[in-house]
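Colleague:
Residue numbers (the working numbering): 2 to 1042.
#1: Please check the pair residue 548 and residue 597, which I expect to be a contact at CB under 8 Å, by giving their CB distance rounded to whole angstroms.
#2: Do residue 340 and residue 447 have their CB atoms nearer than 9 Å?
#3: Identify, in the order they occur along the chain, each residue of the same chain with its Cβ nearer than 6 Å to the Cβ of residue 422, setting aside the five sequence neighbours on each side.
#4: For residue 775, which option in 717, 764, 673, 488 has the closest C-alpha, if you only look at C-alpha atoms?
#5: Is the CB-CB distance between residue 851 and residue 139 below 9 Å?
#6: Apart from the five residues just before and just after residue 703, which ones in its own chain have a Cβ nearer than 8 Å to its Cβ?
#7: By Cβ distance below 6 Å, which residues in the same chain neighbour residue 406 in space, the five residues on each side in sequence not counted?
#8: Report the CB separation of residue 652 from residue 676 in whole angstroms; it is logged as a contact under 8 Å.
#9: Between residue 518 and the rest of its own chain, which residues show a CB-CB distance below 6 Å, the 5 nearest in sequence each way excluded?
#10: When you compare only the Cα positions, how much space is there between residue 170 and residue 291?
#11: With a 10 Å radius around its C-beta and 16 neighbouring C-beta atoms as the bar for buried, classify residue 415 as buried or exposed.
#12: Going by other Cβ atoms of all chains shown within 10 Å of its Cβ, with 16 needed for buried, is residue 485 buried or exposed?
#13: Only counting runs of 3 or more residues, tell me where the beta strand (DSSP E) segments fall wholly within the segment 733-769, in order along the chain.
#14: Buried or exposed: residue 684, going by 16 or more other Cβ atoms within 10 Å of its Cβ?
#15: Sort out for me which residues DSSP pairs residue 528 with in a bridge.
#16: Need the endpoints of the alpha helix (DSSP H) that residue 892 sits in, please.
#17: Run the proximity test for residue 770: is its beta-carbon closer than 8 Å to any non-hydrogen atom belonging to the ligand MG?
#18: Taking three-plus beta-carbon pairs below 8 Å as touching, is the segment 594-608 in contact with the segment 561-580?
#19: Kindly indicate which three-state DSSP category residue 475 falls into: helix, strand or coil?
#20: Quick one: residues in its chain with C-beta nearer than 6 Å to the C-beta of residue 454, no 5 flanking neighbours on either side, listed in chain order?
#21: For residue 644, count neighbouring Cβ atoms within 10 angstroms of its own Cβ and tell me buried if that reaches 16, exposed if not.
#22: Using DSSP bridges, identify the partner residues of residue 508.
#23: Identify whether residue 1 lies in helix, strand or coil by the three-state DSSP scheme.
#24: Going by DSSP, what residues sit across from residue 543 in a beta bridge?
#25: Buried or exposed: which applies to residue 164, given that a residue is buried once 16 or more other Cβ atoms fall within 10 Å of its Cβ?
#26: Over what stretch of residues does the beta strand (DSSP E) that includes residue 601 continue unbroken?
#27: Would you call the segment 529-539 in contact with the segment 870-880, where contact means no fewer than 3 C-beta pairs closer than 8 Å?
#28: Taking residue 570 as the reference, which of 293, 844, 554 has the closest Cα?
#29: Does DSSP put residue 880 in a helix, in a strand, or in coil?
#30: Measuring CB to CB, does residue 228 end up less than 9 Å from residue 770?
#31: For residue 178, name the three-state secondary structure that DSSP assigns.
#32: Find the nearest neighbour of residue 701 within the set 1000, 999, 654, judged by alpha-carbon distance.
#33: Would you kindly check if the distance between the Cβ of residue 926 and the Cβ of residue 887 is under 9 Å?
#34: What does the Cβ neighbour count give for residue 351, buried or exposed, with the cut at 16 atoms within 10 Å?
#35: Excluding the five sequence neighbours on either side, which residues of its own chain have a C-beta within less than 6 Å of the C-beta of residue 155, listed in chain order?
#36: Do you know how far the Cα of residue 831 is from the Cα of residue 782?
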């Protein structure tokens, strides 16, 4: 929330607060007069603030304070506490100092102070300013870059665009780190202990990230494009390949350092770009592969018998190179599918340190005397290798010889090798190819163990976990991430995002699942807790345009450009109903009424609305009247009224029970792009082409408000645009709308990287969320980059290495989603759909980056409620010691600290929960239910909190019913938490029951078997198979009984 204070020099000189740089606030509506002291509040700024400037231009800690006065209507019983302003324009924070008031004066205080109050209250703006922050990224599992396994081998670290996602395979959960780079991530290097990671993007900017605290520790720029980065096994050094050189840096240690990246050595030798790195187990040497078909072995220290060594033998670019375990023996693989095995005549222990000479020896002695070895370690050294060294330089040096050369491709079959990984302990080589096939070989004999086709696109990255059991594959073409257990030949993880951009999304009524539809014709259902997709429907033959859930949450209805509307069952995972129109038409949107019996879809080409019955699948009626394509449909959540928005500048309201006739027609000033009802059905919001959001009363067909959002979109300029972003913004508008769960705020998004959150009643912008800062997408910057402007024109008009695999081809004119005929394109950033969770705790957006989820900030935030000086943690604990549980719980909720609330609730004996629940006021019952719903996700005291929930709902159920609309998000959040525990316990109980039945059946069969006559070894083996069949049949009969 931003505050604009009216500045006046006269008030600054003679205001209530006479400190230097005093600023007079614009008085509130209930001001007392217009004199020098007429305003209710005065603000005094400290010496650090600027003269005549408010918080918008002051420092982050401006140190402003509001004075103490009495409010009209409160009398002597109220004294306004001193409010100290601590924040900046982006995040204002206040602190209360002193003051006292009667408990009944709290709501009135919030009503008068709602113009500046930053807290959540019932009457102010604060209910709209819930702090949502980025929580997770779904829908995209892999884009490009290298995959990494964590040290324990249970998690995969995957680069997703300009973010990094960690897939926990053991706990079946995915989590996206709260950080982002400026461009798409190109490579990720993981430290041996798994605590640090170096993330490098396409522009060469690097982030040093702590995977423990999930935060960025250091920023660095390599001044060039980096292809790969690798830590040494001892964790003391790391090497990056940049251009045709390799650079070795001192790895950041556990101590705090000002400069975490200190260059140690620079290695020259290859003539073309370097591609891959591998280290020996003792960190003494590393090998670098290059596109010039050569492989270079470099010493990490100044070895006397190994400074550099160049290896040839290949006819194509080197894809990967690996050292053998505890040896200098090498394996090199090239893009044409050739493997060379190299043997070294010297063991790693045979490497000798080069004795220093001349000034180096003097410097070394001086360093030993002064004990300043760090200075020598930080001195950069340059090592230049030669492909054909002189004969005298070869004497007494390490020598390599090629033992064998193998080929992966058979005669007549040519397949490019694109990725490889080697597990040194098990001697397992994994190779991925451009056709989507991977091979498993045992080295050095090159025995084929396994071969499988997992995709029809090239395998871009391969990784093997520490035990050698799991293999991760990344396919950038389709966005696939697969983890394969080669011994059991089964998938551990198989995830794939939408091939093209997502178009629509919908939350299930309990908030557990999200359904998404994409331009690729697929409908995917995601679990919000695990972050994984658990079912994909592929029945549509064209792009999906709309997705919605029924009220039960077990049926998904989708519309598509293929002329069908389909209903999918989440119990049996099948398409059980298909709705079609008499004439082929393309459906642009879909809606289902609150009962789930009526399905409607809007046509894009015939301008009609089709209505079907869910039970019979028959077409009930065709609603005509619109003169343009239907852009949006929405049913009233309370009544059976359908709102349809069209490009003919009207919104029509249809009564489903009154012979399908138009109830009202709302005339707009521009084409309608989106329409949505408030959760209570008492308000309708419409987004139009002129960037306006208009609010209507659907009962009286009267406009109640309007928001101008053109300047809030902040659209960017595309690289090929001929006009500026300011002029192109005139054609941009909001294309999707969504009310919050409480109906007090509305989300709006469109052809921009920003999502705007507006307060509906006050019609002001509360917050603008930036979904992406990825400059690899188009229309991200407001101004063109002048570095790309040359005397020959814009560099963006030139195909950058279009023939290469990582090249960028220009899109066709007018194509926003990219040219599908090309393998690489630069998509434009946009937001296609927005939805608030029914629980009110989070909201989701489908964009070019994927499915982004923003949830309430879980960090510690001091957010009191009706706080006074008598409420302290000490007094809460004192009340608990005196067994005054109700008073302690009330004070804990007023202080609103999670630990104190948990301590107060858990201190109540189970026998007294009913008595304490009955004595809680209604306002605190709602807060208690919200706290219980949040606690179910993390607490182990399941039965204890279930008793609390049961007593609160039984004792206050009738009173809570009168406020059902406001309590609905809290109740749905509670239902989501309880449903998750129910599903987990049901699975556990079913599994235990099955195990017990199986153990009983085995014991009975063994008893019967021993009583039978003995059989031979072969016959016994055959009978064991028969027994297993009888055993299964017997178990099934017992289960049926």
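Glycine included, each C-beta is placed from N, C-alpha and C at the ideal position.
Modeller: Concretely, from the data shown:
#1: For the purposes of this step, residue 548 is identified with residue 547 of the chain shown, where counting begins at 1. For the purposes of this step, residue 597 is identified with residue 596 of the chain shown, where counting begins at 1. Rounded, the Cβ-Cβ distance is 15 Å, inconsistent with contact.
#2: Along the chain shown, read from residue 1 onward, the residue named residue 340 stands at position 339. Along the chain shown, read from residue 1 onward, the residue named residue 447 stands at position 446. A contact, by the Cβ cut-off of 9 Å.
#3: In the chain shown, counting from the first residue as 1, residue 422 sits at position 421. Listed in chain order, the non-local C-beta contacts of residue 422 below 6 Å within the same chain comprise 431, 463, 464, 465, local neighbours out to five positions each way being set aside.
#4: The residue given as residue 775 occupies position 774 in the chain shown. Distance check between residue 775 and each of 717, 764, 673, 488 places 717 closest, using alpha-carbon atoms only.
#5: Within the chain shown, the letter at position 850 stands for residue 851. Within the chain shown, the letter at position 138 stands for residue 139. Cβ distance < 9 Å, so residue 851 and residue 139 count as in contact.
#6: In the chain shown, residue 703 corresponds to position 702, counting from 1. Annotation for residue 703: 697 place their beta carbon closer than 8 Å to its own, counting only its chain and skipping 5 residues before and after.
#7: Position 405 of the chain shown, counted from the first residue, corresponds to residue 406. Listed in chain order, the non-local C-beta contacts of residue 406 below 6 Å within the same chain comprise 341, local neighbours out to five positions each way being set aside.
#8: Your numbering for residue 652 matches position 651 in the chain shown. Your numbering for residue 676 matches position 675 in the chain shown. Indeed they touch by this definition, with Cβ atoms about 6 Å apart.
#9: As a first step, residue 518 is located in the chain shown; it is residue number 517 there, counting from the start. Closer than 6 Å at the Cβ level, and outside the excluded window around residue 518, lie 504, 505, 524, 545, 548, 559.
#10: Position 169 of the chain shown, counted from the start, is the residue given in the question as residue 170. Position 290 of the chain shown, counted from the start, is the residue given in the question as residue 291. Inter-residue distance for residue 170 and residue 291 is about 34 Å (C-alpha atoms, whole angstroms).
#11: For this step, residue 415 is matched to residue 414 along the chain shown. In summary, residue 415 is exposed, with fewer than 16 beta-carbon neighbours lying within 10 Å of its beta-carbon over all protein chains present.
#12: As a working mapping, residue 485 is identified with position 484 in the chain shown. By the Cβ neighbour-count rule, residue 485 is buried, with 16 or more other Cβ atoms within 10 Å of its own.
#13: The qualifying runs are 735-740, 746-751, 755-760.
#14: Walking along the chain shown from the start, residue 684 turns up at place 683. Residue 684 is buried by the Cβ-count criterion.
#15: Working through the chain shown from its first residue, we reach residue 528 at position 527. For residue 528, which the question treats as bridged, DSSP gives the partners 514.
#16: Mapped onto the chain shown, residue 892 falls at position 891. Where residue 892 is concerned, the enclosing alpha helix (DSSP H) stretches over 886-896.
#17: Absent from the structure shown: the ligand MG. Ligands present: none.
#18: Contact holds between the segment 594-608 and the segment 561-580, because three or more Cβ pairs, one in each stretch, are under 8 Å apart.
#19: As a working note, residue 475 is residue 474 in the chain shown. In the structure shown, residue 475 falls within a strand segment according to DSSP collapsed to helix, strand and coil.
#20: Sequence index remark: in the chain shown, residue 454 carries index 453 (1-based). Non-local beta-carbon contacts of residue 454 in its own chain, meaning distances under 6 Å to residues more than five positions away in sequence, involve 437, 438 in chain order.
#21: Residue 644 sits at position 643 when you count from the first residue of the chain shown. In this structure residue 644 is buried. Its beta-carbon is surrounded by 16 or more other beta-carbon atoms within 10 angstroms.
#22: What you label residue 508 is simply residue 507 of the chain shown in a count that begins at 1. When beta bridges are read from the DSSP output, residue 508 appears opposite 515.
#23: Given a span of 2 to 1042 for the chain in the structure shown, any question on residue 1 remains unanswerable.
#24: Residue mapping note: residue 543 aligns to position 542 of the chain shown, counting from 1. Answer is none; residue 543 lacks a bridge partner.
#25: Counting from 1 along the chain shown, the entry for residue 164 is found at position 163. Residue environment for residue 164: buried (at least 16 other C-beta atoms within 10 angstroms of its C-beta).
#26: Taking the chain shown and counting its residues from 1, the one referred to as residue 601 is at position 600. 599-604 is the extent of the beta strand (DSSP E) around residue 601.
#27: They do not touch, by the three-pair rule.
#28: The residue you call residue 570 lines up with position 569 of the chain shown. The shortest C-alpha separation from residue 570 is found at 554.
#29: Translated into the one-based positions of the chain shown, residue 880 becomes position 879. In this structure, residue 880 counts as helix in the three-state DSSP scheme.
#30: Position 227 of the chain shown holds residue 228. Position 769 of the chain shown holds residue 770. Between residue 228 and residue 770, the CB-CB gap reaches or exceeds 9 Å.
#31: As a first step, residue 178 is located in the chain shown; it is residue number 177 there, counting from the start. In the structure shown, residue 178 sits in coil (DSSP, three-state: anything other than H, G, I, E or B).
#32: For this step, residue 701 is matched to residue 700 along the chain shown. If we check each option's Cα against that of residue 701, 654 comes out closest.
#33: Residue mapping note: residue 887 aligns to position 886 of the chain shown, counting from 1. Residue mapping note: residue 926 aligns to position 925 of the chain shown, counting from 1. Annotated as distal: residue 887 and residue 926, with beta-carbon spacing of 9 Å or more.
#34: On the chain shown, residue 351 is found 350 positions in, with the first residue counted as 1. So residue 351 ends up on the exposed side.
#35: Taking the first residue of the chain shown as position 1, residue 155 is located at position 154. Within its own chain, the residues whose Cβ lies closer than 6 Å to the Cβ of residue 155, once the five positions on either side in sequence are excluded, are 170, 171, listed in chain order.
#36: Counted from its first residue, the chain shown places residue 782 at position 781. Counted from its first residue, the chain shown places residue 831 at position 830. Distance between the alpha carbons of residue 782 and residue 831: 13 Å.
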